[in-house]
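One structure below.
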Amino acid sequence: MFSHFRNFTYPHHLIDLAFLVSDSKDRTLEVLVQYLEELQNHEDPKQPYGEISIIEKDFGQQVDQNVESRHGFAAQASRRKLMAQARNWLLSAALRPYHSWVYWRDVDVETAPFTILEDLMRHNKDVIVPNVWRPLPDWLGGEQPYDLNSWQESETALALADTLDEDAVIVEGYAEYATWRPHLAYLRDPYGDPDMEMEIDGVGGVSILAKARVFRSGVHFPAFSFEKHAETEGFGKFSVVGLPHYTIWHLYEPSVDDIRHMEEMEQERLAKEAEEKARAEREKKIKDAFDDTNTQWEQDKSEMQNIAKEANKEAKESSEKSNSGPSKDSKPDSKQEEARDLKKTPEREGLADA
Numbered sequence: 000m001f002s003h004f005r006n007f008t009y010p011h012h013l014i015d016l017a018f019l020v021s022d023s024k025d026r027t028l029e030v031l032v033q034y035l036e037e038l039q040n041h042e043d044p045k046q047p048y049g050e051i052s053i054i055e056k057d058f059g060q061q062v063d064q065n066v067e068s069r070h071g072f073a074a075q076a077s078r079r080k081l082m083a084q085a086r087n088w089l090l091s092a093a094l095r096p097y098h099s100w101v102y103w104r105d106v107d108v109e110t111a112p113f114t115i116l117e118d119l120m121r122h123n124k125d126v127i128v129p130n131v132w133r134p135l136p137d138w139l140g141g142e143q144p145y146d147l148n149s150w151q152e153s154e155t156a157l158a159l160a161d162t163l164d165e166d167a168v169i170v171e172g173y174a175e176y177a178t179w180r181p182h183l184a185y186l187r188d189p190y191g192d193p194d195m196e197m198e199i200d201g202v203g204g205v206s207i208l209a210k211a212r213v214f215r216s217g218v219h220f221p222a223f224s225f226e227k228h229a230e231t232e233g234f235g236k237f238s239v240v241g242l243p244h245y246t247i248w249h250l251y252e253p254s255v256d257d258i259r260h261m262e263e264m265e266q267e268r269l270a271k272e273a274e275e276k277a278r279a280e281r282e283k284k285i286k287d288a289f290d291d292t293n294t295q296w297e298q299d300k301s302e303m304q305n306i307a308k309e310a311n312k313e314a315k316e317s318s319e320k321s322n323s324g325p326s327k328d329s330k331p332d333s334k335q336e337e338a339r340d341l342k343k344t345p346e347r348e349g350l351a352d353a
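Following this line, the structure appears as structure tokens:
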């Protein structure tokens, strides 16, 4: 969030900054002081701001700061009342007579237009809020409405309020209180006119711009149940405007359900990898066995071909020997000549007798 201070296009020297650090056990204060010192001593003369106040005040916050505890239903009423006290404390300590506007920004806003101050001021409303969404991992849908505390009143919610104790606080986004209110977050059109206004009865606290005279007139953040609401939603019982198509983005913090889903996905991934590895090993064994069979077959085939060649060669040689007669130059042996002479003798005798 601190890096956003470098990006505001509204003249920095006309902006006073006030921070409230409460019930903190980490290095928030140390990091904040270090960053502001760097910013105020920046080489770019357009970077330093006007007056800067850092206030430390604990309000006895007993809720753990993990996502599940902070956003659990059971903690909402007491948590929001304490947050209202903190906002009122900061306001009383930081508001000066010469301030024209008061802009509230949660520390966990991740992305917002650099021109957000000018954009909201241009509407010239007493109280105005943008729409607040948050990015999600692709496997969770990519994005999601975040701040459900900006809403229009419904007959169902009014009837519900009449059934609750005086100190009860209705909170949005929980199954325990089905209010059926139209939420600013769900009316967003990514391609809609960012300047379109919508009158709302409840206002979320992530990003609020209000005229300073609203607070000077005595308006504050109810730290008690005001018409069954508290903190910024009770504040919204005054006149406020929301911009359904002007969106800023809240930091994504995985909930317990998200983490559980991540673990399930990781287990599925590992199981799939193990299955693919086992299949690859099986295919390799089959291939190796097939390759061994092929190798033996090639050897047997080669031997059979060699045997066939030798047999063909011997048969050819034998055939050539049996079919070949004596040559013209060869002389008959004596036994063959005697046989021919014996055959010719009777013929000669017969001729002589005749």
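The sequence shown begins at 0 in numbering that gives the first Met the number 0 and counts up by one.
Where is the CB? At the ideal position from N, CA and C, for every residue including glycine.
Values in this document were obtained by computation on a predicted structure and should not be read as measured data.
Q. Rounded to a whole number of angstroms, what is the C-alpha to C-alpha distance between ARG278 and GLU265?
A. For ARG278 and GLU265, the distance between alpha carbons rounds to 20 Å.
Q: Would you identify the three-state DSSP class for GLN143, choosing helix, strand or coil?
A: Look at GLN143 here: in three-state DSSP terms it is strand.
Q | As assigned by DSSP and simplified to three states, the class of VAL240 | A | Strand.
Q) Can you give the Cα-Cα distance for GLU252 and ARG26, rounded to whole angstroms? A) As the crow flies, the alpha-carbon of GLU252 is around 19 Å from that of ARG26.
Q: Would you kindly work out how many angstroms separate the C-alpha atoms of ARG281 and HIS260, rounded to a whole number?
A: Taking the CA atoms as reference points, ARG281 sits about 31 Å from HIS260.
Q: Using alpha carbons as the reference points, say which of GLN151, GLN304 and ALA83 lies closest to ALA184.
A: Of the listed residues, the one whose Cα sits closest to ALA184 is GLN151.
**Q.** Separation of VAL205 from VAL66, as counted between CA atoms
**A.** With a pLDDT of 49 at VAL66, under the threshold of 50, the modelled position of that residue is not reliable, and the figure given next carries that caveat. Near 16 Å, if we compare the C-alpha coordinates of VAL205 and VAL66.
Q | Where MET303 falls, given that 16 or more other Cβ within 10 Å makes a residue buried | A | Counting the other Cβ atoms within 10 Å of the Cβ of MET303 gives fewer than 16, which makes it exposed.
**Q.** Continuous alpha helix (DSSP H) assignments of at least 4 residues falling wholly in the segment 150-231
**A.** Taking 4 residues as the minimum length, the alpha helix (DSSP H) runs contained wholly in the segment 150-231 are 154-161 and 211-215, in order along the chain.
Q) Is the Cβ-Cβ distance between LEU242 and GLU171 less than 9 Å? A) Contact: no.
Q: Would you identify the three-state DSSP class for PHE7, choosing helix, strand or coil?
A: Reduced to three states, the DSSP call for PHE7 is coil.
Q | ALA73 to HIS12 span [Cα, whole Å] | A | Because ALA73 carries a pLDDT of 49, less than 50, the predicted location of this residue cannot be relied on, and the following value inherits that uncertainty. Approximately 43 Å, taken between the alpha carbons.
Q | Spatial distance of PHE58 from SER91 (CA atoms) | A | Those two C-alpha atoms are separated by around 15 Å.
Q. CB-CB under 8 Å to ASP22, same chain, minus the five flanking residues each way: which ones, in chain order?
A. Hits under 8 Å: ASP57, PHE58, GLY59 and GLN60.
Q: Hey, could you find the ends of the alpha helix (DSSP H) THR110 is sitting in?
A: Per DSSP, THR110 is not a residue of any alpha helix (DSSP H); the beta strand (DSSP E) it occupies stretches across 108-110.
Q: Take ASP125 as the anchor and find which of LEU94, VAL239, SER254 and LYS300 has the nearest alpha-carbon.
A: Among LEU94, VAL239, SER254 and LYS300, the Cα nearest to that of ASP125 belongs to VAL239.
Q: Find out if the Cβ-Cβ distance for the pair LEU38, ARG5 is shorter than 9 Å.
A: Yes, these two residues count as a Cβ contact at 9 Å.
Q: Spatial neighbours of HIS3 within its chain, please: CB distance less than 6 Å, with the 5 preceding and 5 following residues excluded, ordered by chain position.
A: Within the same chain, and ignoring the five residues on either side of HIS3 in sequence, no residue has its Cβ closer than 6 Å to its Cβ.
(Q) Let's test the definition: count the other Cβ atoms within 10 Å of the Cβ of VAL255 and tell me whether it reaches 16, buried, or not, exposed. (A) By the 10 Å Cβ count, VAL255 comes out exposed.
Q) Should ASP192 be labelled buried (16 or more other beta-carbon atoms within 10 Å of its own) or exposed? A) Its Cβ having fewer than 16 others within 10 Å, ASP192 is exposed.
Q | Residue nearest to ILE169 in terms of C-alpha spacing, selected from GLY201, ASP188, SER318 and SER99 | A | Comparing C-alpha distances from ILE169 to each of GLY201, ASP188, SER318 and SER99 shows the shortest one belongs to GLY201.
Q: Measure the C-alpha to C-alpha separation of ARG121 and ILE14 and round it to an integer number of angstroms.
A: Straight through space, the alpha carbons of ILE14 and ARG121 are spaced by roughly 17 Å.
Q: Evaluate LEU119 with the Cβ neighbour count: other Cβ atoms within 10 Å of its Cβ, from every protein chain shown; 16 or more gives buried, anything less gives exposed.
A: Around the beta carbon of LEU119, 16 or more other beta carbons lie within 10 angstroms, which makes this residue buried.
Q) Quick one: what's got a C-beta closer than 6 Å to TRP103's C-beta in the same chain, skipping five residues either side? A) Excluding positions up to five away in sequence, the list reads ILE207.
Q) Which parts of the segment 1-45 are runs of the beta strand (DSSP E), unbroken and 3 residues or longer, counting only runs that do not cross its ends? A) Taking only runs of at least 3 residues, the beta strand (DSSP E) segments lying wholly in the segment 1-45 are 16-20.
**Q.** Pair within 9 Å by beta-carbon distance, TRP132 and THR246
**A.** Their beta carbons are under 9 Å apart, which means TRP132 touches THR246 by this criterion.
Q) When DSSP labels each residue in this structure, what does ARG104 get in the three-state scheme? A) Strand.
Q | Residue span of the beta strand (DSSP E) that contains GLU55, given as start and end | A | Element bounds for GLU55: 51-55.
Q.
Taking 7 Å as the limit between beta carbons, can you name the residues of its chain near GLY349, skipping five residues before and five after?
A. Only weak support exists for where GLY349 lies, its pLDDT of 44 falling under 50; the coordinates are left without a value.
Q | PRO47 versus LEU16: straight-line alpha-carbon distance, rounded | A | Annotation: PRO47 to LEU16 spans about 11 Å, alpha carbon to alpha carbon.
Q: Measure the beta-carbon distance from TRP248 to PRO134 and round it to whole angstroms, keeping in mind my assumption that it falls under 8 Å.
A: Between PRO134 and TRP248 the Cβ distance is about 6 Å, and since that is below 8 Å, they are a contact.
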